[in-house]
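Protein chains in written order, with the working numbering: chain D, 1 to 197; chain W, 198 to 394; chain U, 395 to 591; chain B, 592 to 788.
Glycine residues also receive a C-beta, built at the ideal position from the N, C-alpha and C atoms.
Quick caveat, the model's predicted, so the values are computed rather than measured.
4 protein chains.
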Amino acid sequence: MPTSRLEAFADGIFAFAATLLILNLTVLPGAPLGDQLKSIWPSYIAYAVSFITIGIIWVNHHTVMHQVSHVDRLFLLLNVLFLMLIAFIPFPTRLLAQSINLPAQSNAEAAAVLYGITLTITAVLINALWRYAATGRRLLRADASARVVQGINRSYAPGPFIYLAATLVALVSPRASAALYALVALFYVIEASAFGR
Amino acid sequence: MPTSRLEAFADGIFAFAATLLILNLTVLPGAPLGDQLKSIWPSYIAYAVSFITIGIIWVNHHTVMHQVSHVDRLFLLLNVLFLMLIAFIPFPTRLLAQSINLPAQSNAEAAAVLYGITLTITAVLINALWRYAATGRRLLRADASARVVQGINRSYAPGPFIYLAATLVALVSPRASAALYALVALFYVIEASAFGR
Amino acid sequence: MPTSRLEAFADGIFAFAATLLILNLTVLPGAPLGDQLKSIWPSYIAYAVSFITIGIIWVNHHTVMHQVSHVDRLFLLLNVLFLMLIAFIPFPTRLLAQSINLPAQSNAEAAAVLYGITLTITAVLINALWRYAATGRRLLRADASARVVQGINRSYAPGPFIYLAATLVALVSPRASAALYALVALFYVIEASAFGR
Amino acid sequence: MPTSRLEAFADGIFAFAATLLILNLTVLPGAPLGDQLKSIWPSYIAYAVSFITIGIIWVNHHTVMHQVSHVDRLFLLLNVLFLMLIAFIPFPTRLLAQSINLPAQSNAEAAAVLYGITLTITAVLINALWRYAATGRRLLRADASARVVQGINRSYAPGPFIYLAATLVALVSPRASAALYALVALFYVIEASAFGR
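In structure tokens form, the structure reads like this:
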């Protein structure tokens, strides 16, 4: 089985999950619009952080698929589970944006934990995808270079631990946790700007 | 007519139907978020079961298209009807998730029956698609092996009966029926894990 | 400019407009679900008619693009306007399904007229697309056969008049108009079944 | 890294952002439908203007990608930021359509400013994308003609200033600003009709 149709399905879900994030932005009909548009600033940040995070994961998924020459059923299944997490991201994004500024700290905590669990499992699954394809060069292209394979191994490995740490921080301070999610996205933006050429 | 544009249209509908499932997850603004996120656990399971089910059907559709070299208008029409059922899945998924834990058993029954009818017709249509393409090798690639064709015949045939049986179970116990829908998805996950290499 | 990216954009909008139709199906949380699922039968029919109609237009658009070798800016613009109408279809579909069974006949009339205007303009635009490409063989493939070109001319020409007639019928009887929209879709289904091989 | 998967992701987001615009059209269940369908005319215009604007930007993005032979990480990142703005467009579109006819001028002003800021940043980002690719022919195809490159430079440069001006007009008259957004779209439609062959 060729990889092109898996890429089309995956790109559709990445693009759609990112676009659906806009439905999280809402205002009330009655209240003054200018004030509301200022007061929902956490929603803008949440939109940007989740959109960029999905964009980064999309680049990573592309990096995996670029090394893969063919797929088997278990790899397809891992992809379906991985994409199930991608499509889930808009839900905790909305909850986190809506609760982070409320007085009830427990709501923000629940939202930040769900957001963190979602990204932790996503990071685990992209590692699982990659390790399954790369172990013994099971699904790799014949000309995949050992240096590139090692590089991907190294760059994906910290993801689950970073997001797990940010999830645990949410139990102490949801705002610090939200700041960490934003910092991870920002780190990739800066890194790509500085070294991305 | 080549098959590539049908695949693009189909992949789009598979991807959007799967991603739209996330809109089924909702919480009320007032109530404590942590409690609500726990109490909507049937929605998580429904999301996962329907997402994986759509993923499995997508793999099956790919398997059909991989054997097909060209399409005619009746095959296109069967595909439109089939995709109409795929795009329908988010609706009974939401109903089933919202009603399965309510005291009113009749609501859960109606939702489980609608979910089952949807998947039964979907399974009938993918069999119809395949049989139409394969009968007399009408639309098959010249090099499609008889062994593969027989294998697809055998593996798709039970689908309608399994889902019809689960639909009938809903008339007795909606929860048992919902468990069956989940078990079918889980069976494919385990089978792919065990034999999918 | 090659035609492949226009097809990708168009297929995305066709697939997404068709999938969004499912958001038109809604039930109220309180009332018995079984009764509601029966009482919203016009929504099922509206879903099926609009989904099949979009599917038919998608096949027609593919037929046009299959004869076209390259595109220019005016053809791109006509495509954007045409796709704008395709993406509009879910809105009058919802209105028609929700109003057709209400006592207030005037609501159903407004909905049926809007549905008809939408499909009439859509049919005008696919004719415009095709005529622009085909006149003087402006954008056609060098090997496009004159017989196929004539055949497309003939088969697309009646569309605007059929939908305009059904729109005018809505001013007398919205239900007769809705039945006509369904009959047009059904006609294509039967025609494809009988002659589509 | 090849450009094809970036195009697939971008085309998906363009197509979904355009199609999501239809969710902005809503009517109230109680009131007479015919009257409502007339009174929401700003929503139709907003739908058309934003759909055509997204269509124009899609054509421009295609024009950029057509000159580009390969991409690097910074170019990918600029694309993610650019697509983040594209997917944002449905939100200010809805706000502008809903507020432009209300007595409270301040609501329309806030909506028109947000709409203008969104399109201004979008126009800045497509210039940034193009300049990054074209400077020193960093990512261009070997056969990209200097004349075409100069032409794109010239035709994209005014965009940010035009939208910034229309944004500033919103501070004086939101309706004049909305008319300017419509005129820009109309200008491209007329230009493509007159010179697009």
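Own chain partners of residue i with C-beta closer than 8 Å, once the 5 adjacent residues on each side are dropped
i        : result
Pro484/U : Ala411, Leu414, Leu415, Leu417, Asn418 and Ser444
Ile450/U : Ala579 and Tyr582
Leu669/B : Leu716, Ala719, Leu720 and Tyr723
Pro357/W : Thr317, Ala320, Val321 and Asn324
Arg535/U : Gln461, Val462 and Ser463
Asn454/U : Ile520 and Tyr550
Glu503/U : Ala564, Leu565 and Pro568
Residues near residue i by beta carbon distance below 7 Å, same chain, minus five either side
i        : result
Trp721/B : Val655, Ile743 and Tyr747
Glu401/U : Met459
Gly510/U : Tyr557, Ala560, Thr561, Ala564 and Ser571
Val662/B : Met592, Thr594, Leu597 and Leu730
Gln233/W : Val224 and Leu225
Pro683/B : Ala702, Leu705, Tyr706 and Thr709
Ser634/B : Asn615, Leu616 and Ala688
Nearest candidate by alpha-carbon position, reference residue i, set the options
i        : options                                   : result
Trp58/D  : Ile604/B, Ala719/B and Ile781/B           : Ile604/B
Leu710/B : Ile631/B, Ile643/B and Leu731/B           : Ile643/B
Val518/U : Pro552/U, Ala538/U, Glu503/U and Ala527/U : Pro552/U
Ala491/U : Pro633/B, Leu624/B and Glu700/B           : Leu624/B
Leu336/W : Val265/W, Thr200/W and Leu377/W           : Val265/W
Phe88/D  : Ala343/W, Tyr244/W, Gly313/W and Asn276/W : Tyr244/W
Ile434/U : Tyr575/U, Arg569/U and Arg488/U           : Arg488/U
Ala376/W : Asn298/W, Arg334/W and Ala341/W           : Asn298/W
Ile781/B : Ala404/U, Leu475/U and Pro423/U           : Leu475/U
Ala10/D  : Leu37/D, Leu83/D, Arg154/D and Ala144/D   : Leu83/D
Gln302/W : Ala379/W, Leu273/W, Arg351/W and Arg372/W : Arg372/W
Gly424/U : Pro300/W, Lys235/W and Leu273/W           : Pro300/W
Identified DSSP bridge partners for residue i
i        : result
Leu731/B : Val659/B
Beta-carbon neighbours of residue i, restricted to chain B and to distances below 9 Å
i        : result
Pro32/D  : Ala695, Ser697, Asn698 and Ala701
Ala527/U : Going along chain B, no residue has its Cβ under 9 Å from Ala527/U, so there is no contact; the nearest lies around 12 Å.
Pro423/U : The premise fails here: Pro423/U is roughly 15 Å from chain B at the closest Cβ pair, so nothing lies under 9 Å.
Ile52/D  : Leu668, Val671, Leu672 and Met675
Leu489/U : Val618, Leu624 and Leu628
Rounded Cβ spacing between residue i and residue j (contact assumed at less than 8 Å)
i        : j        : result
Leu166/W : Ser587/U : Residue 166/W cannot be examined here, being either before or after the span of chain W that is shown, 198 to 394.
Ile448/U : Ile480/U : 7 Å
Contact set for residue i: own chain, Cβ-Cβ below 6 Å, skip 5 residues either direction
i        : result
Asn501/U : Ser493
Ser571/U : Ala506, Ala560, Val563 and Ala564
Val149/D : Ala134
Ala606/B : none
Ala735/B : Gln658
Arg728/B : none
Cross-chain neighbours of residue i in chain D, by beta carbon under 9 Å
i        : result
Ser768/B : Correct list: empty, because the minimum Cβ distance to chain D is about 15 Å.
Arg728/B : In chain order: nothing, as chain D lies at least about 14 Å away.
Ala761/B : Here the premise fails: no neighbours, minimum Cβ distance about 11 Å.
Chain-ordered neighbours of residue i on chain D, where CB pairs are closer than 8 Å
i        : result
Ala748/B : Near Ala748/B there are no residues of chain D at all, since even the closest Cβ is about 23 Å away, more than 8 Å.
Neighbouring residues, chain W, relative to residue i (Cβ below 8 Å)
i        : result
Phe614/U : Not covered by the structure: residue 614/U. The range shown for chain U is 395 to 591.
Ser587/U : Leu271 and Leu274
Per-residue contacts from residue i into chain U (C-beta, under 7 Å)
i        : result
Ser296/W : Leu427
Leu628/B : Ala504 and Leu508
Listed by chain order, chain D residues near residue i by CB distance under 7 Å
i        : result
Gly252/W : Val80
Phe600/B : Asp11, Phe14, Ala15 and Trp58
Val386/W : Leu77
Listed by chain order, chain U residues near residue i by CB distance under 9 Å
i        : result
Pro357/W : Per Cβ cutoff of 9 Å: no residues; Pro357/W is ~20 Å from chain U at best.
Contact list for residue i against chain B, beta-carbon separation under 7 Å
i       : result
Val59/D : Leu667
8 Å Cβ cut-off: residues of chain B touching residue i
i        : result
Pro484/U : Ile613
Ala48/D  : Met675
Ala481/U : Ala609, Thr610, Leu612, Ile613 and Phe642
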